[in-house]
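These protein sequence lines map, in sequence, to chains A and B. Per the working numbering, the first sequence starts with residue 75, numbered consecutively. Per the working numbering, the second sequence starts with residue 1004, numbered consecutively.
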Amino acid sequence: MNFLRSTYLVAWREATERARSRAYVVSTIFTVVLVGGLIAVVALTDTGGPKSYTVGRAGVAPPALATSIAMVATASDVLVSQTEYSDAAAARQAVADGDIDAAIVAGDTIVVKHADGSTIEAILATALGQARLVQQLDALGVDPATLTDAGAISVVATEPPKSDTGEGIAVTTVVLLFLVITTYGQWVLMGVVEEKSTHVVEQVVSSTSVRSLLAGKVIGIAALGLGQLVLLVVLVIGAGSVFDLFTLPSATVPTALWSIVWFLLGFAFYAVAYAAAASLVSRSEDAQAGAMPVALFGVASYLVALTFVVPDPESTVSRVISLLPPVAPIAYPARIAFGDAPVWEILAGVALTIVAIVAVVRLAARIYAGAILSAGGRMKPRQAWRASRELAGR
Amino acid sequence: MLELAGLAKRYGEVVALDGAGVVARPGRIVGFLGPNGAGKTTAMRSVFGLVALDAGTVAWNGRQVDAAARLRFGYMPEQRGLYPKMRVGAQVAWLGRLRGMSRTDAARSTEAWLERLGLDGRSNDRVEALSHGNQQRAQLAASLVHDPDLLVLDEPFSGLDPMGVDAMSEVIRGRAAEGATVIFSSHQLDLVQDICQDVAIIDRGRIVAAGTIDDVRGTAPSRRLEVSFTDPSVRWDPPNARLIRDRNGLRIYMVPRDADPAAYLTGAMAAGVVSGFAFEAPRLSEVFREAVGR
Ligand SMILES: Nc1ncnc2c1ncn2[C@@H]1O[C@H](COP(=O)(O)OP(=O)(O)O)[C@@H](O)[C@H]1O
Ligand SMILES: [Mg+2]
């Protein structure tokens, strides 16, 4: 039997046995609910989209009023649609009925339902002021265009423009990736300990290689994690775009797709490390203590991503930190969510992570091979390393 | 044919194997005997590459055992274990596929073995839901599902009730009759004498006796001297003899193999009235005790 076939069989067993387990079903529901909640918060607070108002005009007014309202509205990031009314009374009535949000009548009165200093009040006041100014300048024979010519004023930026995407998506992605990688990493941990503590590993390894068992387990569990992630991505994007329930930031789709790539990379890195840690202990009670170093790496990366990368994704610190392989899988998707990470940096992060994965896999596979068949209590990594030198070829 | 030769393995200060060699032939059953800690498990694990030997060779049909050869081997480890939450049938079939069977072959064979071992109807139960005895049967099915050419069973009778012992014996005999090579370790010498044609006795990592049961008994360094006196109180002290039993006038001694039976008979008759006399090869249990010196 070749390596691929036995690895496939091990992976198949892991995936099918666990997909049926209550733990998988519960964790899928939990993650869907969690992400659904986060996305809802994002949609409601971060990206409500521009507000829109309808405004009525009636009676004599400065000629530039309509243009002025449109300009001020655009500057304030508000959508304003305008309607002409035949007389002031009709416009007032429309405001009173709630058909429109506000009206300007007779060129000197702003009508609102409640005078509470709302955005539209301010917009109309400013627009009216400007329109009058233009009218007076015009009367003096000054061409207002020379005053408002944008070309005469230059805008100098100290930083490149920020894109519209929210921190919300970045935070969601960091939390989600950390959760999924840790959850499924723990499954690998418990799975390896179970095989060792129940001694079934001896039966399995008598007819396949230790490396197939390790690879198959990691791949099988990764498939479950991937399934869950894809389900989430489809749900989120589907709900956002197809049913138009909320407006998602423009980086959602690329972030979601990249998250899948980063999940696979991050999971490979952490799961193999978890497996090696697990192989060193013989009883499930010792599993968590044995996996502490790996778990700490995960939590540290998560915190680093949240405290450094999310608030300022393109600072030098963030750029360097997010390149580090244990942090990269969690931090990069956050940077991608902001939409400003250069492609070459993303690819460099991927490449570095792959290199790290290769190193971890070699180290961990060797510790695993040396330790998985040992009986008795806890083994030190060094002992396992030496033991596997002897077990070459298994 | 399985040939283990010159096996050596140390665990720190502990010598687990010290040059042991064992041969097992097709269609025959080898009983692998030895006290606790003698090295039986270590030797059996070496067949599956589960221990890194310090020295020695493991050959199957004249060739070094490799991963491909092992697919035709069945193993029942000393430490039993199956995935507790997996269903019995699925698990046995999966192990069959892991040894190269197609999905349909594995399913068919699983069904046949579960039925033969009295587990029909339990196929969809989780392993952890089975009784201890049934878990043992499932374990046996797991080692047999691919109808292996070599069967290595580490203490297969331990923890079995008499019915379980009978079922296990029948399966072992059946596989040998079908041409498989079988080796199993045991302490239960009566069973070994009943089931096996060959034995190998290991002590402190070395083989101290090996061959067919008759050979081992015949070439043992001692002979069994049995004398019955009509009067149990007769005083008789035969030379070079070690008394191993004395009950109601029946006395059993171990004497050197080259001793002269006639001299013992003459001496016994001089001491009292003799109602029975035998001079024969020792029983397997006696060979075993003598060989391991305890
Ligand atoms: N993995 C191991 N680590 C340390 N000592 C071991 C290990 N396996 C076996 N031993 C020691 O090697 C000796 C032989 O053990 P074993 O092969 O299990 O004997 P048996 O099966 O005949 O009882 C024993 O002293 C045992 O303690
Ligand atoms: Mg043993």
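All C-beta atoms in this analysis are idealised placements derived from N, C-alpha and C, irrespective of residue type, glycine included. Computed from a prediction, not measured in an experiment: that's the story for all the values here.
Interface annotation for the segment 276–290 of chain A against chain B: Glu276, Gln277, Val278, Val279, Ser280, Ser281, Thr282, Ser283, criterion Cβ-Cβ distance under 8 Å. With a cutoff of 8 Å on beta-carbon distance, valine 262 of chain A and alanine 349 of chain A are scored as near each other. Note that the C-beta distance between proline 1242 of chain B and tyrosine 1256 of chain B is not below 8 Å. Of the candidates A/Ala458, A/His273, A/Val424, A/His273 places its Cα closest to the Cα of proline 1087 of chain B. For proline 1029 of chain B, not one C-beta of chain A is nearer than 8 Å to its own C-beta.
Residue state for serine 1225 of chain B is assigned as strand, using DSSP reduced to three classes. Following the DSSP letters along the chain, one finds valine 284 of chain A inside the alpha helix (DSSP H) bounded by residues 284–311.
Beta-bridge annotation (DSSP): arginine 1209 of chain B is paired with B/Asp1206. With respect to the C-alpha of alanine 180 of chain A, the residue from A/Gln210, A/Gln302, A/Leu153, A/Ala132 having the closest C-alpha is A/Ala132. Counting every other CB atom within 10 Å of its CB across the protein chains shown gives glutamine 302 of chain A a total of 16 or more, marking it as buried. In the displayed model, arginine 94 of chain A falls within coil according to three-state DSSP, outside both helix and strand. In the structure shown, alanine 1023 of chain B falls within a strand segment according to DSSP collapsed to helix, strand and coil.
Against chain A, a Cβ distance below 7 Å from arginine 1100 of chain B picks out Leu83. Within the model, the alpha-carbon separation for alanine 433 of chain A versus valine 417 of chain A is close to 24 Å.
Here the distance from the Cβ of threonine 247 of chain A to the nearest heavy atom of ligand 2 is not below 7 Å. Proximity of tryptophan 1097 of chain B to chain A, defined by a Cβ-Cβ separation below 8 Å, is satisfied. Exclusion of the five residues before and after valine 279 of chain A leaves Leu287, Ile446, Leu447, Arg468 as the residues of its chain whose Cβ lies within less than 8 Å of its Cβ. Beta-bridge partners of methionine 1257 of chain B (DSSP): B/Arg1227, B/Arg1245. With its beta carbon at least 8 Å from every one in chain A, glycine 1065 of chain B lies outside the interface.
Closer than 7 Å to some heavy atom of ligand 2: that describes the Cβ of lysine 1043 of chain B. For leucine 1007 of chain B, the nearest beta carbon of chain A is not closer than 8 Å to its own beta carbon. Of all residues in the segment 251–275 of chain A, the ones placed with a Cβ closer than 7 Å to any Cβ belonging to chain B are Thr272, His273, Val274, in chain order. What arginine 87 of chain A touches in chain B, judged by beta-carbon distance under 7 Å, is Trp1097, going in chain order. Between the segment 1036–1043 of chain B and the segment 254–271 of chain A there are fewer than three C-beta pairs closer than 8 Å, too few to call the two in contact. At a cut-off of 8 Å between C-beta atoms, leucine 447 of chain A counts as an interface residue with respect to chain B. Residue B/Tyr1267 holds the alpha-carbon nearest to the alpha-carbon of phenylalanine 1282 of chain B among B/Tyr1267, B/Gly1296, B/Ala1008. Around the beta carbon of arginine 1178 of chain B, 16 or more other beta carbons sit within 10 angstroms, so the residue counts as buried. Within the chosen limit of 7 Å, ligand 2 reaches the beta carbon of glutamate 1158 of chain B through at least one heavy atom.
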